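Residue numbers (our numbering), protein chains in the order written: chain A, 361 to 695; chain B, 361 to 695. Yeah, the Cβ is synthetic: ideal placement off N, Cα and C, and Gly gets one too. None of the values given here were measured: they were computed from a predicted structure.
Number of protein chains: 2
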Amino acid sequence: MSNANRQFLLAARPQGMVKPTDFEYRESPVPELGPDQVLIKTNYISLDPSMRGQMENRADYVAPLEIGDVMRAGSVGTIERSNNPAYPVGTLVGGSFGMQDYAISDGKSLPFRTFPDGTDPQAALGVLGGTGMTAYFGLLRLGEPKPGDMVVISGAAGATGSVAGQIAKLKGCTVVGLAGSDDKCQWLTGTLGFDAAINYKTQNVGTELDRLCPDGINIYFDNVGGEILDLALERIANNARVVICGGISRYNATGPIPGPVNYFNLVFRRARMEGFIVLDYASEFGAAAQEMQGWIDAGQLQQSATVIEGFTELPNALVQLFEGVNTGKLMVRTS
Amino acid sequence: MSNANRQFLLAARPQGMVKPTDFEYRESPVPELGPDQVLIKTNYISLDPSMRGQMENRADYVAPLEIGDVMRAGSVGTIERSNNPAYPVGTLVGGSFGMQDYAISDGKSLPFRTFPDGTDPQAALGVLGGTGMTAYFGLLRLGEPKPGDMVVISGAAGATGSVAGQIAKLKGCTVVGLAGSDDKCQWLTGTLGFDAAINYKTQNVGTELDRLCPDGINIYFDNVGGEILDLALERIANNARVVICGGISRYNATGPIPGPVNYFNLVFRRARMEGFIVLDYASEFGAAAQEMQGWIDAGQLQQSATVIEGFTELPNALVQLFEGVNTGKLMVRTS
Numbered sequence: 361m362s363n364a365n366r367q368f369l370l371a372a373r374p375q376g377m378v379k380p381t382d383f384e385y386r387e388s389p390v391p392e393l394g395p396d397q398v399l400i401k402t403n404y405i406s407l408d409p410s411m412r413g414q415m416e417n418r419a420d421y422v423a424p425l426e427i428g429d430v431m432r433a434g435s436v437g438t439i440e441r442s443n444n445p446a447y448p449v450g451t452l453v454g455g456s457f458g459m460q461d462y463a464i465s466d467g468k469s470l471p472f473r474t475f476p477d478g479t480d481p482q483a484a485l486g487v488l489g490g491t492g493m494t495a496y497f498g499l500l501r502l503g504e505p506k507p508g509d510m511v512v513i514s515g516a517a518g519a520t521g522s523v524a525g526q527i528a529k530l531k532g533c534t535v536v537g538l539a540g541s542d543d544k545c546q547w548l549t550g551t552l553g554f555d556a557a558i559n560y561k562t563q564n565v566g567t568e569l570d571r572l573c574p575d576g577i578n579i580y581f582d583n584v585g586g587e588i589l590d591l592a593l594e595r596i597a598n599n600a601r602v603v604i605c606g607g608i609s610r611y612n613a614t615g616p617i618p619g620p621v622n623y624f625n626l627v628f629r630r631a632r633m634e635g636f637i638v639l640d641y642a643s644e645f646g647a648a649a650q651e652m653q654g655w656i657d658a659g660q661l662q663q664s665a666t667v668i669e670g671f672t673e674l675p676n677a678l679v680q681l682f683e684g685v686n687t688g689k690l691m692v693r694t695s
Numbered sequence: 361m362s363n364a365n366r367q368f369l370l371a372a373r374p375q376g377m378v379k380p381t382d383f384e385y386r387e388s389p390v391p392e393l394g395p396d397q398v399l400i401k402t403n404y405i406s407l408d409p410s411m412r413g414q415m416e417n418r419a420d421y422v423a424p425l426e427i428g429d430v431m432r433a434g435s436v437g438t439i440e441r442s443n444n445p446a447y448p449v450g451t452l453v454g455g456s457f458g459m460q461d462y463a464i465s466d467g468k469s470l471p472f473r474t475f476p477d478g479t480d481p482q483a484a485l486g487v488l489g490g491t492g493m494t495a496y497f498g499l500l501r502l503g504e505p506k507p508g509d510m511v512v513i514s515g516a517a518g519a520t521g522s523v524a525g526q527i528a529k530l531k532g533c534t535v536v537g538l539a540g541s542d543d544k545c546q547w548l549t550g551t552l553g554f555d556a557a558i559n560y561k562t563q564n565v566g567t568e569l570d571r572l573c574p575d576g577i578n579i580y581f582d583n584v585g586g587e588i589l590d591l592a593l594e595r596i597a598n599n600a601r602v603v604i605c606g607g608i609s610r611y612n613a614t615g616p617i618p619g620p621v622n623y624f625n626l627v628f629r630r631a632r633m634e635g636f637i638v639l640d641y642a643s644e645f646g647a648a649a650q651e652m653q654g655w656i657d658a659g660q661l662q663q664s665a666t667v668i669e670g671f672t673e674l675p676n677a678l679v680q681l682f683e684g685v686n687t688g689k690l691m692v693r694t695s
């Protein structure tokens, strides 16, 4: 095994829901190290909604992904060999290492972040990783939470939503989460400290939002798009901030997807709707991770992951992501 | 005539396109003055797209308008009698005096703005009035124009769009206007100094935007909504500001109105879409009008109005507004 680099390649542009057959398994030799390079052995590989758009090259803020390329994915790993004194063997690193066991980097051509000794690798991929950073910068920079704000989060039991909600609580907001099962709702309120949760599959979201947010929504942090975005827009308060973080209801859609009918309420409510790409904040990831590690150490921020065992489960795991199996960060343990 | 106060009342909530029969003509006695009050004789009454929403009470940021109420409208007028030494006879004032010849105010219960002696009353209603203020605060505060920005304005030949475009030019931007006739387009480029104009009725808006804005749109100032908003969202540049000022394509619609399908490009382009209510800036209107009068005096900002003669034309004039007859501010001269 240690002589082979297991990989999943993009085999087909997905049509509708992503399928395991959109990927092709291959074993390649473990790459040789050049000057200044390090060999990273991945430990955990992340499954993220944004991977769907990359499979179609819809996400034009990253380099194109071609058929036959190693599927792009975020990972954490350990430096197993090093020709670079700045990055000693054993260092925990995170980056876009792809669906493979081994990646080569000099730290520049394939940028990565290093984590301090003792960092939980699951936290490095989750709350301190890409989705945690997404929650941190999306909520704090675009959402601008103030004490007493009413914050509503869709996809709240997912990797990003669950962190965004906890940060909003830390900032003194009242937080309502939307999720797709009673178990997830129970987890949000019972474990993470959300003030309320709505099961969007069994409850009337509009009625529940009316009941829980009688003075309207100050921050709506959206991971899903679609009908729920419209229900939220209908209920925003004056000067609300609608943070468009994701739109998972859109990613596997075929055919045209309706836009938010209630966008014009942005005028009546003098509100804004804003999108962002977390990579734009990369230079601040270190400082953010340090602050979040402090919250973790103080017991104010919880990391939660759904971990699937085994490299070969990666394609199935991505399908399961869109089926909503996970609570918190969904990842595959590969070694 | 001077003994009667001609009025148009709201007679019916409009269904679809507003109709003259949605109003009822009445003559009332000229109101008597109480302590501290002034009698305002209207000279010009403004026709604005936002009146459509008020007729249906869709605009919940203002007091409800009931059947039988004097139709709300912006006006400029002259103080004809005064029991208030702060407001002498002859002062030019602007405010929401309604579709009537006479209004009573003490300056508080029905707030109004005063204009310096010598102010052109058409400018007081237009470029220095509500639509001018809308252009000023919408473009400068939400749009945040920077030199070199590519600014696209829909409804550019209207009262607000024509002013917003001129202010953008003053700020060093490149400005493309969309309008509904070749004459309007010619006016935008030939008279107002827009860099380019697109006739959305005869040209392919997407193709023209691609040609004129090869690096994308930095500010889209939207007065129309609908398909053109979507075409603009598709072409926004990174960090673009989409200013939702109006949505005239929506106002007379019956049935559900589709939302902007391309809203998710706000994410890829890390952009924001924001609405506003100009009344929120009322405390700054005086300073803004002073700055704009300076631009007028320097020949950098032009006022243009389409003036319809005669009080009884008011209902027809509102219909004509939605038919797009006007270049610049549409108003009725009532006395």
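Here's the rule: buried if 16 or more other CB atoms are within 10 angstroms of the residue's CB, otherwise exposed. What is residue i?
i	result
Thr381/A	exposed
Gly492/A	buried
Asn363/B	exposed
Glu634/A	buried
Gly646/A	exposed
Ala463/A	buried
Gly521/A	buried
Pro620/A	buried
Met361/A	Here the model assigns Met361/A a pLDDT of 43, short of 50, so the residue's position is not dependable and the matter cannot be decided.
Asp542/A	exposed
Lys561/B	exposed
Asn365/B	buried
How many Å lie between residue i and residue j at the Cα?
i	j	result
Phe497/B	Thr534/B	19 Å
Val449/A	Ala658/A	30 Å
Leu485/B	Tyr404/B	7 Å
Glu683/B	Lys544/B	14 Å
Tyr641/A	Asn676/A	31 Å
Ala419/A	Asp582/A	18 Å
Ala665/A	Ala519/A	8 Å
Val692/B	Glu594/B	38 Å
Asp477/A	Ser609/B	59 Å
Lys379/B	Arg373/B	10 Å
Asn686/A	Ser469/A	32 Å
Gln563/A	Asn598/A	26 Å
Arg386/A	Ile558/B	53 Å
Arg632/A	Gly606/B	14 Å
Gln680/A	Gly540/A	14 Å
Gly550/A	Arg601/B	40 Å
Val398/A	Pro424/A	24 Å
Met712/B	Leu370/B	Here chain B has residues from 361 to 695 only, and residue 712/B is not among them.
Does the separation of the CB atoms of residue i and residue j fall below 8 Å?
i	j	result
Ile527/A	Ala483/A	no
Gly434/B	Gly489/B	yes
Gly503/B	Ala516/B	no
Leu589/B	Val536/B	no
Ser439/B	Val430/B	It is Ile, not Ser, that sits at residue 439/B in the sequence shown. No.
Gly576/A	Ile596/A	yes
Gly553/A	Lys531/A	no
Leu569/A	Val523/A	no
Leu639/A	Met652/A	no
Tyr611/A	Gly455/A	no
Asp466/A	Asn444/A	yes
Against residue i, what residues of chain A qualify as contacts under a CB-to-CB distance less than 8 Å, listed in chain order?
i	result
Ala631/B	Glu634 and Gly635
Pro616/B	Val621
Who are the neighbours of residue i on chain B, taking C-beta pairs under 8 Å?
i	result
Asp640/A	Arg630
Ala524/A	What Ala524/A touches in chain B: nothing, since even the nearest Cβ is about 15 Å away.
Gly585/A	Phe624
Arg412/A	Result: empty, since nearest Cβ-Cβ is about 13 Å, beyond 8 Å.
Whose Cβ in chain A lies nearer than 7 Å to the Cβ of residue i?
i	result
Gly607/B	Phe624
Arg501/B	Near Arg501/B there are no residues of chain A at all, since even the closest Cβ is about 11 Å away, more than 7 Å.
Using a C-beta to C-beta distance shorter than 9 Å, which residues of chain A count as neighbours of residue i?
i	result
Pro471/B	By Cβ distance, chain A contributes nothing, its closest Cβ being about 19 Å from Pro471/B, past 9 Å.
Closer than 8 Å, CB to CB, is residue i near chain D or not?
i	result
Asp420/A	In the structure shown, chain D does not exist; the protein chains are A and B.
Below 7 Å on C-beta distance, what does residue i contact in chain B?
i	result
Ile656/A	Here the premise fails: no neighbours, minimum Cβ distance about 28 Å.
Ile577/A	Ordered by position in chain B, no residue passes the 7 Å Cβ test against Ile577/A, which lies about 15 Å from the chain.
Which bits of chain B does residue i rub up against, with CB to CB less than 9 Å?
i	result
Val535/A	What Val535/A touches in chain B: nothing, since even the nearest Cβ is about 22 Å away.
Output the residue ranges of the beta strand (DSSP E) runs that lie fully inside the segment 448 to 527 of chain B and measure 3 residues or longer, sorted by chain position.
-> List check, beta strand (DSSP E) in window: 452 to 455, 462 to 465, 472 to 475 and 510 to 513.
Which ranges would you report for the beta strand (DSSP E) in the segment 647 to 679 of chain A if only whole runs of at least 3 residues count?
-> Qualifying beta strand (DSSP E) stretches, in chain order: 665 to 669.
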